[in-house]
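In what follows, a single structure is set out as structure tokens and then discussed.
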Amino acid sequence: MSWNDGRPGLQPREVVVVLEQFLQEGRLSALLWEGCQQQAQAACPELQDNLLNKIVCLPEHVSNNLQGKNPPVFFPQNYFPLLGGAVLQVLQQISDSLRGGLDCSISFVSHVLGKVCVHGRQKEILGVVVPQLTDLTRADCIWQRICWRLVECVPDRWMEAVVLGFVQRAPGADVLSRLLGNLVVKNKKAQFVVTQKMLLLQYGHTTEVLQNLLGYLSLDNLRRALLLRVLQELLETWGSSSAVKHSPPEQQLYISKAILICLSHLKETEVESCRQELLTSMMEGVKCHLDSSLPQLRRLGMVVAESISAKINTEGPVLKFEYEEDDETRELKSLLVQTPPSCVVPSLPEDETLFLVSAKLGVRLQQEHRSEKTDVALPLVPESNKKSHTAAPVVPDEESEAELDSDDELVPYDMSEDKELKIKAPVYIRDCIEVLTGSEDVDKWEATVKALEGLVRKNPAATREVSVELAKILLHLEEKTCIEGFVELRQRAQVAVLTTDPIPVTKYLTSQFYSLNYSLRQRMDILDVLVLAAQELSCPKLHGKTKHSGAQKPLIQLLPGSDSSKDWRRIVDERIQSKTRRFATGQSQVEVASSPNKFNSVAGHFFFPLIQHFDRPLTTFDLLGEDHLVLGRLVHTLAVLMYLAVNTVAVTAMGKALLEFVWALRFHTDSYVRQGLLSCVSSLLLSVPGERLLADMAEELLETQSWLGDVVEKDPNGDCRRLALHNLLLMENLKKKLEAVPS
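With the working numbering applied, the sequence shown covers 182 to 924.
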């Protein structure tokens with residue numbers, strides 16, 4: 182094919198007309214067949230490469246010469262399916278030649294297929310080729326051999342694209358096994374792609390692709406060794422604390438799915454041979470996942486550990502965790518149930534086929550005969566129970582009902598007029614303290630817990646007299662009965678005490694946060710109470726009498742399956758929206774009466790004691806060590822307090838201290854902690870006046886900007902990258918705003 186280069190001859194438009202006719206008459210298959218015959222005769226390699234390039238890149242050549250005004254047949258979505266049909270025609274000719282006893286080369290077709298796939302057109306060409314090869318290889322060994330050679334002859338530089346295309350488009354593992362054969366055993370490049378790249382280096386493939394891939398490895402004895410090796414490497418990655426910390430949750434989910442699919446394919450003998458390795462990997466992996474502060478990763482660890490335990494302990498006790506099931510965990514558990522492949526055994530002799538058909542027919546007739554008998558006979562019972570059933574006569578329903586226990590004939594008491602005895606709750610704060618600390622009356626204890634919040638809010642003067650003592654009691658209060666919403670009731674009472682007498686109670690709680698002999702749960706309770714109280718003090722009208730019916734959820738609350746960064750995006754978006762001028766439409770908003778910001782005078786008491794001692798390890802508490810879950814909650818708490826401190830006197834000092842805190846922890850390995858640090862930066866940029874940022878923290882902000890750029894490019898966690906990008910946009914907006922102000 183030659184285009185007009187200034188010499189007399191055909192114009193590009195005329196050449197395209199000839200090419201279009203060439204394609205529409207189906208001559209492309211003849212060209213490919215000619216290439217195969219030349220390959221068999223060891224033709225000139227340069228001529229082969231030139232022909233290959235022209236065939237694969239024909240749409241680009243036409244489009245370049247016609248400036249994009251090429252006929253529809255040269256559109257990639259039309260041309261490559263046409264090329265796929267031509268490939269199938271050539272493969273049919275090769276099949277006919279082999280059956281006729283003639284040698285034939287398939288390499289040229291393999292090169293065409295590989296080059297098309299590496300150009301990103303797997304969908305178009307394999308969408309035609311794979312379904313046809315699936316049907317042709319179903320019961321024909323020669324077609325299977327042709328298909329195997331077709332893929333084996335693809336050069337290594339194009340092998341990945343071809344293998345990936347086949348794996349993605351094969352309708353099942355059994356079909357993939359027919360199409361690829363033992364390619365992964367014969368070809369090192371294909372083996373690397375299947376056992377390493379698609380499983381350990383990539384994680385964007387669907388569950389169906391994983392099932393195809395691992396099912397393919399399990400369907401042949403030569404490939405099962407690779408399946409066991411893959412499982413071992415997956416478990417090593419799953420049990421690596423570094424991988425759990427630095428890889429995104431999506432990759433952890435992908436690896437977990439691959440492990441469970443591998444387990445579903447293991448035979449009992451294989452499980453027996455690697456039982457100890459599985460147990461060791463399970464113990465290491467579940468520890469890494471349970472140490473994570475992300476609920477999704479902890480739940481993944483539980484599900485995979487339960488599955489491994491069930492696989493290696495078929496008769497003994499198995500691991501069982503408590504977690505809330507969702508669609509993700511249900512999908513993971515379903516992967517352990519292996520669906521049998523619908524593989525048809527090829528090339529059975531006619532007599533064997535007839536034998537199988539008659540055998541199936543005989544089984545069906547026996548089943549029908551058996552079902553006819555059961556229509557008139559008693560229900561079938563196990564062998565061990567036959568004797569007892571024949572000895573004892575069948576009792577009719579009416580007679581069995583008449584022989585009920587005599588207790589059922591007793592007439593119940595009439596309790597319609599009974600009234601529940603109401604325990605009177607204490608009416609004084611000191612009485613509440615006595616009940617909560619010393620009373621053995623469970624009913625009175627319950628009534629006190631339910632009434633305490635309201636009593637505190639109605640009697641602020643009496644509460645201030647014993648506020649610290651009451652805060653101490655509530656912090657250590659344990660549930661005596663199964664009272665509904667106990668944690669919520671206790672938390673609301675703590676918030677009420679703290680907002681009634683902020684400074685002494687805050688001093689007590691912040692000092693206890695870093696004290697010895699407190700559980701992690703109590704320390705996180707302190708953080709939650711501080712946040713809720715700060716919210717109430719900064720917006721007192723939002724916490725009036727009408728709001729006490731339901732407890733306010735803390736913004737940093739870590740719920741199963743939730744992500745704290747979502748709350749932070751909501752907070753930042755709300756602040757940005759509040760600073761954006763819009764014309765109101767529709768129903769007007771109810772105007773809230775203004776009131777003094779009580780948080781203004783106490784913000785420093787909430788903030789500075791929490792940020793002072795984070796780097797001092799205690800005997801039972803190490804924020805910079807293994808207690809990173811509490812560190813994450815602390816960081817998020819500081820971000821909320823910074824956000825609520827807008828327009829307060831201490832906001833600039835708080836911002837400077839918070840920026841130093843963020844800088845010290847910016848390379849923390851836990852993604853939840855890093856999300857909190859980025860949220861701190863958001864709060865600082867939104868709360869501290871721009872003039873103060875420029876005057877007091879200019880250098881620190883430049884360094885922070887450089888760090889945020891690195892996070893956007895390199896952080897493995899998607900939420901961290903999004904928060905960093907959001908902060909960079911906030912910085913850019915702040916810079917523009919300051920530049921617009923006249924000096």
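Even glycine gets a Cβ: it sits at the ideal position worked out from N, Cα and C.
For the pair C663 and Q675, the Cα-to-Cα distance works out to about 20 Å. Within 10 angstroms of the beta-carbon of Q457 lie fewer than 16 other beta-carbons, which makes it exposed. Contact between T450 and R480 is ruled out by a C-beta separation of about 32 Å, above the 8 Å threshold.
About 5 Å separates the Cβ atoms of S399 and L408, confirming a contact at the 8 Å cut-off.
Cβ atoms of C334 and S291 come within 8 Å of each other, at about 4 Å. Under the three-state reduction of DSSP output, R302 falls in the coil class, being neither helix nor strand. Residue L272 holds the alpha-carbon nearest to the alpha-carbon of L213 among V827, L272, V893, Y397. Cβ neighbours of R280 within its own chain (closer than 7 Å, five residues either side excluded): I323.
Across the structure, M835 and F789 are spaced so that their CA atoms are roughly 7 Å apart.
Contact between the segment 349 to 359 and the segment 311 to 318 is present: 3 or more CB-CB pairs across the two stretches fall below 8 Å. Cβ neighbours of L919 within its own chain (closer than 8 Å, five residues either side excluded): G871, E872, L875. Considered as a whole, the segment 246 to 325 harbours 257 to 280, 288 to 299, 303 to 317 as its complete alpha helix (DSSP H) runs of no fewer than 4 residues, in chain order. Cβ-Cβ separation between F780 and T829: approximately 7 Å, consistent with a contact (criterion under 8 Å). By the neighbour-count definition (other C-beta atoms within 10 Å, threshold 16), S864 is a buried residue. In this structure, the alpha-carbon of L331 lies about 7 Å from that of S288. For G785, the secondary structure class from DSSP, reduced to helix, strand or coil, is helix. About 6 Å separates the beta carbons of L858 and V816, which is inside the 8 Å limit, making them a contact pair.
For Q477, the enclosing alpha helix (DSSP H) covers residues 476 to 493.
Of the residues assessed, S692 falls on the exposed side of the cut-off, its CB having fewer than 16 other CB atoms within 10 angstroms. Taking all protein chains in view, the Cβ of I442 is crowded by 16 or more other Cβ atoms within 10 Å, so the residue is classified as buried. Annotated three-state conformation of I654 is helix, per DSSP.
Within the model, the alpha-carbon separation for K438 versus Q392 is close to 9 Å.
Between K631 and L670, the C-beta spacing is below 8 Å.
Sorting Q325, V311, K514, Y609 by C-alpha distance to the C-alpha of P641 places Y609 at the top. One Cα belongs to Q349, the other to L415, and the distance between them is close to 21 Å.
Rounded to whole angstroms, the separation of the alpha carbons of V293 and L233 is 6 Å. DSSP places D877 in the uninterrupted alpha helix (DSSP H) bounded by 871 to 877. Judged by DSSP in its simplified three-state form, V676 adopts helix. Judged by pairs of C-beta atoms under 8 Å, the segment 876 to 887 does not touch the segment 895 to 906, as fewer than three such pairs exist. A residue is called buried once 16 or more other Cβ atoms fall within 10 Å of its Cβ, and S488 is buried on that count. Take A491, set aside five residues on each side of it, and the residues of its chain with a beta-carbon closer than 6 Å to its own are V499, in chain order.
In this structure, DSSP gives G362 a state outside helix and strand, which the three-state scheme calls coil. Here L475 is near Y853, since their CB atoms are less than 8 Å apart. Of the other Cβ atoms in all chains shown, fewer than 16 fall within 10 Å of the Cβ of T850; this residue is therefore exposed.
Nearest neighbour of D877 by Cα position, chosen from V196, K369, K837, Q856, turns out to be K837. With fewer than 16 other beta carbons inside 10 angstroms of its own, I684 counts as exposed.
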